[in-house]
Amino acid sequence: MSLTTDAIVKQFPSVKHIHDAFDSKKLSVFELTQSFLKSASESRHNAYITLCPELALEQARAAQVILEKEKKVPREKLPLLGIPLGIKDLIHRQGVRTTCASKVLENYIPPFSATAVSRLESAGAIVLGKLNLDEFGMGGSNENSAFGPVIHPTHPDRVPGGSSGGSACAVRASLCFGALGTDTGGSVRLPASYCGIVGLKPTYGRVSRYGLTAFASSLDQIGPMSRTVEDAALMLDVLSGHDPLDSTSDLRGATQARIALSREINWSATRIGVPKEYFVEGLSAEVQSSIEKSLQWFESRGAKLVPVSLPLTPYVISVYYLIAVSEASSNLARFDGVRYGVRPLAADHVKDLREFYTQVRGRFGAEVKRRIILGTFALSSGYADDYYRLACQVRRKMTEDLQQAFRSVDFIASPVAPTTAYRLGEKSQDPLQMYLNDIYTIPANLAGLPALSIPCGQDRDGLPIGLQLMAPHFQEEPLLAVGHALEQWQKGESFHAS
Amino acid sequence: MYLNYMVNVNEKLTQQVAHLARLELSQQEVELFTNQLNQVLQYVQKLQELDVKNVEPMVHPVSLDSYLREDIIQKPLEDSEGHPLILSSAPETLFEGFKVPPIL
Numbered sequence: 138m139s140l141t142t143d144a145i146v147k148q149f150p151s152v153k154h155i156h157d158a159f160d161s162k163k164l165s166v167f168e169l170t171q172s173f174l175k176s177a178s179e180s181r182h183n184a185y186i187t188l189c190p191e192l193a194l195e196q197a198r199a200a201q202v203i204l205e206k207e208k209k210v211p212r213e214k215l216p217l218l219g220i221p222l223g224i225k226d227l228i229h230r231q232g233v234r235t236t237c238a239s240k241v242l243e244n245y246i247p248p249f250s251a252t253a254v255s256r257l258e259s260a261g262a263i264v265l266g267k268l269n270l271d272e273f274g275m276g277g278s279n280e281n282s283a284f285g286p287v288i289h290p291t292h293p294d295r296v297p298g299g300s301s302g303g304s305a306c307a308v309r310a311s312l313c314f315g316a317l318g319t320d321t322g323g324s325v326r327l328p329a330s331y332c333g334i335v336g337l338k339p340t341y342g343r344v345s346r347y348g349l350t351a352f353a354s355s356l357d358q359i360g361p362m363s364r365t366v367e368d369a370a371l372m373l374d375v376l377s378g379h380d381p382l383d384s385t386s387d388l389r390g391a392t393q394a395r396i397a398l399s400r401e402i403n404w405s406a407t408r409i410g411v412p413k414e415y416f417v418e419g420l421s422a423e424v425q426s427s428i429e430k431s432l433q434w435f436e437s438r439g440a441k442l443v444p445v446s447l448p449l450t451p452y453v454i455s456v457y458y459l460i461a462v463s464e465a466s467s468n469l470a471r472f473d474g475v476r477y478g479v480r481p482l483a484a485d486h487v488k489d490l491r492e493f494y495t496q497v498r499g500r501f502g503a504e505v506k507r508r509i510i511l512g513t514f515a516l517s518s519g520y521a522d523d524y525y526r527l528a529c530q531v532r533r534k535m536t537e538d539l540q541q542a543f544r545s546v547d548f549i550a551s552p553v554a555p556t557t558a559y560r561l562g563e564k565s566q567d568p569l570q571m572y573l574n575d576i577y578t579i580p581a582n583l584a585g586l587p588a589l590s591i592p593c594g595q596d597r598d599g600l601p602i603g604l605q606l607m608a609p610h611f612q613e614e615p616l617l618a619v620g621h622a623l624e625q626w627q628k629g630e631s632f633h634a635s
Numbered sequence: 650m651y652l653n654y655m656v657n658v659n660e661k662l663t664q665q666v667a668h669l670a671r672l673e674l675s676q677q678e679v680e681l682f683t684n685q686l687n688q689v690l691q692y693v694q695k696l697q698e699l700d701v702k703n704v705e706p707m708v709h710p711v712s713l714d715s716y717l718r719e720d721i722i723q724k725p726l727e728d729s730e731g732h733p734l735i736l737s738s739a740p741e742t743l744f745e746g747f748k749v750p751p752i753l
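Those protein sequences? They're chains A and B, same order as listed.
Residue 138 is where the first sequence starts when you use the numbering used here, and the numbers rise one by one after that.
Residue 650 is where the second sequence starts when you use the numbering used here, and the numbers rise one by one after that.
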């Protein structure tokens with residue numbers, strides 16, 4: 138096959154189109170996989186940490202055998218048959234190195250797969266490799282990787298966003314068809330927005346976290362990142378459903394989100410909340426006008442825009458950072474160089490175990506060390522009540538405010554981030570400045586709500602702008618349906634514009 | 650009772666916290682982190698303005714009861730020669746165990 142992956146995704150923009158092309162033999166699984174492996178290995182974006190061509194080609198061969206036997210893609214049984222995907226390198230795939238973009242784990246080969254990965258593979262997906270990220274998911278720009286920063290897919294002087302920057306970049310740059318990301322404070326939605334793709338953070342408990350390296354266990358969720366809302370829905374249907382291996386996994390079964398997309402939306406009964414605290418100083422005028430245009434479109438369909446108030450918005454960053462770093466300092470205690478991970482040579486010549494740990498843990502990157510220290514401080518005797526406990530109390534108030542808002546609206550709309558993708562190095566010297574970027578995405582994690590990031594325009598430099606829609610717990614199906622409708626309109630707009 | 654004063658982190662406190670977390674910091678890192686910790690603590694100080702007196706802390710996002718499995722012993726993952734796979738990533742092993750430096 139001579140087609141580049143860019144040409145392939147242009148011609149076959151969603152899983153549905155790829156499957157039709159498999160059926161009509163316009164595409165073969167094996168050649169498609171080879172094309173993606175080639176693009177991924179030749180790319181200069183640094184989106185992948187590890188490529189696994191042998192595994193991918195073996196899976197492609199198996200998919201090809203099924204396809205030849207069945208004649209057509211068995212869409213019900215194998216909804217992702219032959220679809221080449223990338224996995225954020227914080228999520229385990231048995232036998233393939235998981236680094237978490239950290240020097241601490243650069244040699245770790247997990248003996249088991251994450252449930253999310255097993256489910257994608259059981260649905261017929263092909264795993265191309267492991268995608269770059271901010272170390273352990275800690276960062277918003279993908280500049281904190283021990284394997285180097287990820288380059289923005291269309292604007293090489295910009296960051297792709299983080300922490301799932303490799304995932305977002307790879308999807309946008311046609312280095313995989315879709316990807317898994319993880320979202321602790323916006324890590325799926327922010328890079329999706331910066332790179333102009335779709336990203337979903339599901340409800341907490343919707344997707345099993347088994348096999349995901351924990352950053353902040355009460356906030357982390359795995360989510361799909363894709364070219365279209367329909368593909369995100371398809372992936373969620375595969376990923377969701379109770380998993381006995383994760384004790385926080387919700388008991389309900391898998392979603393039926395893709396089917397929900399084809400249902401007619403009752404626009405006149407749809408109420409979209411617009412928090413007045415969100416449209417304030419710091420929000421770029423271009424982002425604001427792009428969001429307003431989408432809101433006007435919802436209104437033109439018959440939806441009601443309802444002003445809502447989230448008065449604790451100015452405290453969001455404080456609450457999140459205290460809770461996230463506290464949980465992180467506890468979770469990252471497991472990296473002790475005894476059971477897995479890198480044991481540096483110096484650790485062989487230590488006088489006691491304390492010095493041994495110090496040698497091993499000295500390999501964490503600066504951002505990770507900073508967060509472990511802040512978290513250890515916030516949990517330490519004498520300070521825990523004033524920091525961690527207080528943050529958890531405010532977290533409850535914030536969650537109650539959101540629940541209150543959702544009594545009068547079905548969705549809450551906002552920007553994903555106050556600006557479009559910033560320049561490499563622009564904010565990395567000032568962690569606080571970077572944290573402020575997460576003000577719109579964090580509430581969904583604190584409250585455990587589902588939230589979708591969807592492209593809604595671009596600024597004068599051509600950088601993508603993302604709209605966030607948040608929904609009540611376990612309302613991914615209507616959320617994706619409304620997102621899908623907006624996406625269809627957006628596509629019509631850009632078609633007319635070009 | 651909440652602090653009504655500003656905690657000032659000095660280098661000694663940063664060192665103490667780093668020790669609790671078993672992290673070794675260079676002098677440069679100690680200075681940098683002390684500075685940044687103070688900035689972050691100053692920023693989060695504004696949480697003290699809020700009245701949350703009788704609010705139960707929320708440590709988890711949804712009221713999921715833990716869905717615990719039955720306590721059934723399952724076969725551990727093993728390689729083709731019957732060795733436990735959990736040892737496969739260990740930097741050093743000894744007699745099917747993790748080897749650590751002397752601790753006494």
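Backbone N, C-alpha and C define an ideal beta-carbon position, used for all residues, glycine too.
Ignoring anything shorter than 3 residues or poking outside the region 511–581 of chain A, list the beta strand (DSSP E) runs there in chain order. Here the runs fully enclosed are 548–552.
On the criterion of 16 or more Cβ atoms from any shown chain inside 10 Å, does aspartate 485 (chain A) qualify as buried, or is it exposed? When all chains shown are included, aspartate 485 (chain A) counts as exposed.
Serine 399 (chain A) (DSSP reduced to helix, strand or coil): Of the three classes helix, strand and coil, the one that applies to serine 399 (chain A) here is coil, per DSSP.
For leucine 449 (chain A), which residues from the same chain have a beta carbon less than 7 Å from its beta carbon, with the 5 sequence-adjacent residues on both sides left out? Hits under 7 Å: Val531, Lys534, Met535 and Asp538.
Would the region 241–249 of chain A and the region 291–311 of chain A be scored as touching if the rule is three or more Cβ pairs under 8 Å? With a cut-off of 8 Å, the region 291–311 of chain A and the region 241–249 of chain A do not count as touching, because too few Cβ pairs lie within range.
For a cutoff of 8 Å on Cβ pairs, would you count threonine 350 (chain A) as touching chain B? By this cut-off, threonine 350 (chain A) is not an interface position.
For phenylalanine 744 (chain B), count the other beta carbons within 10 Å of its own beta carbon; 16 or more makes it buried, fewer makes it exposed. Which is it? Burial is judged here by how many other beta carbons sit within 10 angstroms of a residue's own beta carbon; phenylalanine 744 (chain B) has fewer than 16 and is exposed.
Give the C-beta separation of asparagine 183 (chain A) and proline 286 (chain A) to the nearest angstrom, bearing in mind that I take them to be a contact with Cβ-Cβ under 8 Å. About 7 Å separates the two Cβ atoms, so the contact holds.
Rounded to whole angstroms, what is the Cα-Cα separation between leucine 188 (chain A) and alanine 307 (chain A)? The alpha-carbon atoms of leucine 188 (chain A) and alanine 307 (chain A) are separated by roughly 12 Å.
What is the residue span of the beta strand (DSSP E) that lysine 225 (chain A) lies within? From DSSP, the beta strand (DSSP E) with lysine 225 (chain A) extends over 221–225.
Is the number of C-beta pairs between the region 197–211 of chain A and the region 336–351 of chain A that are closer than 8 Å three or more? In short, these stretches do not touch, since the Cβ pair count stays below three.
Straight-line Cα distance separating isoleucine 549 (chain A) from arginine 476 (chain A): Going by the C-alpha atoms only, they are around 44 Å apart.
Taking the alpha-carbon positions, what's the arginine 500 (chain A) to glutamine 148 (chain A) distance? Distance between the alpha carbons of arginine 500 (chain A) and glutamine 148 (chain A) is about 45 Å.
Pair within 8 Å by beta-carbon distance, leucine 169 (chain A) and isoleucine 224 (chain A): Contact: no.
Write down every uninterrupted run of the alpha helix (DSSP H) in the region 141–188 of chain A whose length is 4 residues or greater and which is fully enclosed by it, in chain order. Counting whole runs of 4 or more residues, the region 141–188 of chain A contains the alpha helix (DSSP H) stretches 142–148, 152–160 and 166–179.
Nearest-angstrom Cα separation, counted from glycine 562 (chain A) out to alanine 554 (chain A): The C-alpha of glycine 562 (chain A) is placed about 18 Å away from the C-alpha of alanine 554 (chain A).
Once you ignore the five residues that flank asparagine 244 (chain A) on each side, which residues in its own chain have a CB closer than 6 Å to its CB? Within the same chain, Cβ atoms closer than 6 Å to the Cβ of asparagine 244 (chain A) are found at Val479, the five residues on either side in sequence being excluded.
Is tyrosine 651 (chain B) close to chain A, meaning its C-beta is less than 8 Å from at least one C-beta of that chain? With a pLDDT of only 49 at tyrosine 651 (chain B), under 50, the local geometry of the prediction cannot be trusted, and the value read off the model is given with reservation. Closer than 8 Å to some Cβ of chain A, the Cβ of tyrosine 651 (chain B) qualifies, so yes.
Within this structure, are the beta carbons of threonine 513 (chain A) and glutamate 673 (chain B) separated by less than 8 Å? Cβ atoms of threonine 513 (chain A) and glutamate 673 (chain B): not closer than 8 Å.
With 16 other Cβ atoms within 10 Å as the buried cut-off, status of histidine 732 (chain B): Per the 10 Å Cβ criterion, exposed.
Below 8 Å on the Cβ atoms is my guess for isoleucine 576 (chain A) versus cysteine 529 (chain A); work out the distance and round it to an integer in Å. Rounded to whole angstroms, the Cβ separation of isoleucine 576 (chain A) and cysteine 529 (chain A) is 19 Å, and the two are not in contact under 8 Å.
Mind pulling the chain A residues with CB within less than 7 Å of glutamate 673 (chain B)? Residues of chain A passing the Cβ test: Thr495 and Gly499.
Along the chain, where does the alpha helix (DSSP H) that runs through serine 330 (chain A) open and close? Annotation for serine 330 (chain A): the continuous alpha helix (DSSP H) segment containing it runs 326–332.
Assuming contact is defined by CB atoms lying nearer than 8 Å, are proline 216 (chain A) and alanine 260 (chain A) in contact in what I supplied? In contact: proline 216 (chain A) and alanine 260 (chain A) (Cβ atoms closer than 8 Å).
Would you identify the three-state DSSP class for alanine 316 (chain A), choosing helix, strand or coil? Three-state DSSP puts alanine 316 (chain A) in a strand.
Among A:Ser384, A:Leu227 and A:Asp160, which one has its Cα closest to the Cα of alanine 316 (chain A)? Measuring from the Cα of alanine 316 (chain A), the nearest candidate turns out to be A:Leu227.
In the DSSP assignment, find the alpha helix (DSSP H) that holds isoleucine 288 (chain A) and state where it starts and stops. The continuous stretches of alpha helix (DSSP H) do not include isoleucine 288 (chain A), and DSSP gives it neither H nor E.
Near proline 481 (chain A), which residues of its chain fall below 6 Å by C-beta distance, leaving aside the five closest residues on each side in sequence? Excluding residues within five positions, the ones whose Cβ falls inside 6 Å are Gln496.
Just verifying my parser: in three-state terms, what is the DSSP assignment at threonine 742 (chain B)? Strand.
So for alanine 588 (chain A), helix, strand or coil by DSSP? If DSSP states are grouped into helix, strand and coil, alanine 588 (chain A) belongs with the strands.
Name the chain A residues that come within less than 8 Å of proline 680 (chain B), Cβ to Cβ? The amino acid at residue 680 (chain B) is misidentified as proline; the sequence shows glutamate. Under the 8 Å cutoff, chain A gives no residues; its nearest Cβ is about 13 Å from glutamate 680 (chain B).
Whether valine 689 (chain B) touches leucine 490 (chain A) by CB criterion (8 Å): No, Cβ-Cβ distance for valine 689 (chain B) and leucine 490 (chain A) is not below 8 Å.
Return the chain-ordered list of same chain residues with a C-beta closer than 8 Å to the C-beta of alanine 440 (chain A), the five sequence neighbours on each side being excluded. These residues qualify, in order along the chain: Trp404, Ser405, Thr407, Arg408 and Ile409.
Considering just the uninterrupted stretch of the alpha helix (DSSP H) at proline 190 (chain A), what are its terminal residues? Unbroken alpha helix (DSSP H) run through proline 190 (chain A): 190–207.
For phenylalanine 273 (chain A) and valine 505 (chain A), the rounded distance between their alpha carbons: Valine 505 (chain A) and phenylalanine 273 (chain A) have their C-alpha atoms some 8 Å from each other.
For aspartate 728 (chain B) versus serine 737 (chain B), is the C-beta distance shorter than 8 Å? The answer is yes: Cβ separation under 8 Å.
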